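The block underneath contains the structure these notes are about, expressed in structure tokens.
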Amino acid sequence: MLFALPLELIESVMKQLDSRIDLIHLAATCKQARLVCRPRIFACLKIQIGKECWNDSSTSLFKSLTRGEIDVAKLVRNLSILTTFPHRTRCLGSADMMHHKTTQARALGKLVKAIRNVIPQFVGLQHLHCDLDPSCGFKAADIDVIIRALAVLPRLVSLSLNFGYGPFLLVPPYLIRSSLSRFKNLRSVEIRGEANSYENVIGPLVSNNSKLTRLAIIGRGPTLVTTFCEIRNYYNLRNLPITDLSVGCCIDATVLSFIPYLRHLRITTTIDSFIPSEFWVALTRMGIPLVTLLVRDTTDALMEYVESYSGLEVLSLSPADVRHAEAFYARVLQRHIRTLRKLSIEITSRGKWGVGPCALDALSRCTKLAELNMPIYMHHEVGVVYNPRHFAMDLQQFLVLLPNLRQLYMRGPTPTHEFTGMCIQSAINYFHSDSPLDLVVSTDTWVYRFKTECGVYVLRCVGAWKAVQLPWDSW
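The numbering used here numbers the first residue of the sequence shown as 1498 and each following residue consecutively.
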């Protein structure tokens, strides 16, 4: 009966299924269900190859593909190939260690051969992640074979390669350039691993893919120095189409001269990396306005940059320096009150970032906020006497001023603290409006999630996941 419905309704029902297991169970009911669910079941495929995965279902599927027993490769849109072999060591071992290395080498040899033969079957593949960790035993020739096999995929637009963090990869630059030059249609590239392992990888990918808009570099060492020098000297590029840049490595002053090449940059994410102040100064001078900014630490130069323009839509500060709290609430927010949709403030202490009257007043002006992550530790301003009940009323009035708010994440003291209880009560009272709000309250001890389930508001403790229905009279 389900599949007699119009196609639009069937698609809506399929989207409600939570996991791949649900799709498999539905596909087992009848032949028609199998035809509908099969493309969704194999749309995302993760294959694990390693010592502990010989009996894994994904490994069995991979073996079936290599033997030609099943024809599902054409249905896969997102593929991940993960290697779980133990990392190789330099020490000379016993006979058992030599046997282990020989067995692993044979397995990797079979894997490389299988990848070379199977990858061309994934004609509809769009996103690919592949582990090429040399500390697991991969050699330069193996990586060259795998990359050449990947380059023949006609619809591949997103490529993610993990070269690991071991000191064993010495890939000749000519191999990398000749292999990677075959990619022509990539729009997203993500490279992970030790800087010395892939410093010659990014240049060919950037130069040969004119539609590349996202570049993520996550590793160790000053990777971008070698990368951008190669782009300038070897490939003679002057205008990069990159709009989304994620940096998880160190940046030094050499990279700053390449800021003019990033005129199209709109999204920047820093992951456990040090970004010098000169980077933000260069963005300010070039007038490059970011719409999404996710940073680890706040600096004076960063505050001056976000205050220099308008139009920021997504902002995450984690952690935020106490010295920049007043400037942020007083001046920075005022520049982006008409565009800011998502705001996250992570703090390491209960300093001036805690919400007070001034902070609530500044946040209430951002009427387009849909997601807000804020601390609810009280910030005691001079001449202001705090009362938890008064603050709870202020918080409730603050929520009313944000008609587009759909997700609120608050952090406060212990769950027994009166102040936290009042804040939860104010947020729950907001549910009386027609706006569906997903509330998460994180305390020093627990995390509570409050949302609607089957029309009933339920408070869940994330630690124990015990659902407790809260009658309104109990508050």
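For each residue, glycine too, the CB sits at the ideal point set by N, CA and C. All figures in this text were calculated on a predicted structure; none of them were measured in a lab.
query	result
Within a Cβ cutoff of 6 Å, which residues of the same chain sit near Phe1811, ignoring the five residues on either side of it in sequence?	Reading off the sequence, residue 1811 comes out as Val, not Phe. Once the five neighbours on either side are set aside, the close Cβ partners of Val1811 are Thr1789 and Lys1839.
What is the rounded straight-line gap between the Cα of Ala1540 and the Cα of Phe1635?	28 Å
With DSSP run on the structure shown, which of helix, strand or coil describes Gln1623?	coil
Please go through the same chain and pick out, in chain order, the residues whose beta-carbon is closer than 8 Å to the beta-carbon of Pro1757, but skip the five residues on each side of it.	Met1783
May I ask which residues mark the beginning and end of the beta strand (DSSP E) holding Thr1781?	Here Thr1781 belongs to no beta strand (DSSP E); instead the alpha helix (DSSP H) covers Ser1774 to Met1783.
Quick one, which of Leu1902, Asn1901, Arg1835 and Arg1886 has its alpha-carbon nearest Ser1923's?	Arg1886
Quick one: complete beta strand (DSSP E) runs, 3+ long, within the segment 1806-1869?	1811-1814 and 1839-1842
Verify whether the separation of the beta carbon atoms of Gln1618 and Lys1543 is less than 8 Å.	no
The alpha helix (DSSP H) that contains Asp1741, what's its start and end?	Counting along the chain, Asp1741 falls outside any alpha helix (DSSP H), though it belongs to the beta strand (DSSP E) covering Asp1741 to Gly1745.
Where Leu1625 and Val1573 are concerned, what is the direct C-alpha to C-alpha distance, given to the nearest angstrom?	10 Å
Can you give the beta carbon distance from Thr1795 to Leu1814, rounded, assuming they're within the 8 Å contact cut?	6 Å
Look up Val1792 in the DSSP assignment and say whether it is helix, strand or coil.	strand
Hey, how far is the Cα of Leu1787 from the Cα of Leu1762?	7 Å
Under 6 Å Cβ to Cβ from Ile1567, same chain only, skipping five residues before and after it: list those, please.	Ser1561
Where does Tyr1906 sit, in a helix, a strand or coil, going by DSSP?	strand
So if DSSP puts Ile1578 in a beta bridge, which residue, or which two residues, is it bridged to?	Ile1544 and Cys1627
For Asn1706, name the three-state secondary structure that DSSP assigns.	coil
Mark Gly1565 as exposed unless 16 or more other C-beta atoms lie within 10 angstroms of its C-beta, in which case mark it buried.	exposed
Does DSSP put Val1609 in a helix, in a strand, or in coil?	helix
Cα-Cα, which of Asn1926, Glu1843 and Asp1858 is closest to Tyr1906?	Glu1843
Could you check where the alpha helix (DSSP H) with Arg1689 kicks off and where it finishes?	Not the alpha helix (DSSP H): Arg1689 falls in the beta strand (DSSP E), residues Ser1685 to Glu1691.
DSSP has Ile1715 in a bridge; who is on the other side?	Arg1689 and Gly1745
What residue range is occupied by the uninterrupted alpha helix (DSSP H) comprising Leu1799?	Asp1797 to Glu1804
Relative to the alpha-carbon of Thr1766, which residue among Ser1774, Ser1754 and Leu1742 has its alpha-carbon at the smallest distance?	Leu1742
Could you tell me the distance, in whole angstroms, from the CA atom of Leu1658 to the CA atom of Leu1576?	12 Å
When DSSP labels each residue in this structure, what does Leu1532 get in the three-state scheme?	helix
Taking the continuous alpha helix (DSSP H) assigned at Leu1647, which residues delimit it?	Ala1637 to Leu1647
Taking the CB atoms as reference points, tell me whether Ser1704 and Pro1738 lie closer together than 8 Å.	no
Look at the alpha carbon of Thr1563 and the alpha carbon of Gly1716, and state the distance between them as a whole number of angstroms.	33 Å
Per DSSP, what kind of secondary structure is Ile1873 in: helix, strand or coil?	coil
Alpha carbons only, please: which of Ile1521, Gly1690 and Pro1701 is nearest the one belonging to Ser1676?	Pro1701
Between Val1654 and Arg1735, what straight-line distance do the alpha-carbon atoms span, to the nearest angstrom?	23 Å
Just to confirm, is the Cβ distance from Phe1559 to Ala1611 under 8 Å?	yes
Kindly give me the distance between the Cβ atoms of Glu1687 and Tyr1662, rounded to whole angstroms, as I take these residues to be in contact under 8 Å.	At roughly 16 Å, the Cβ-Cβ gap does not stay under 8 Å, so Glu1687 and Tyr1662 are not in contact.
For Tyr1802, I'd like the list of residues in its chain whose CB is within less than 6 Å of its CB, leaving aside the five on either flank, ordered along the chain.	Trp1777, Leu1780 and Thr1781
Quick check: the Cα distance between Ile1644 and Ala1859, rounded to an integer number of angstroms?	51 Å
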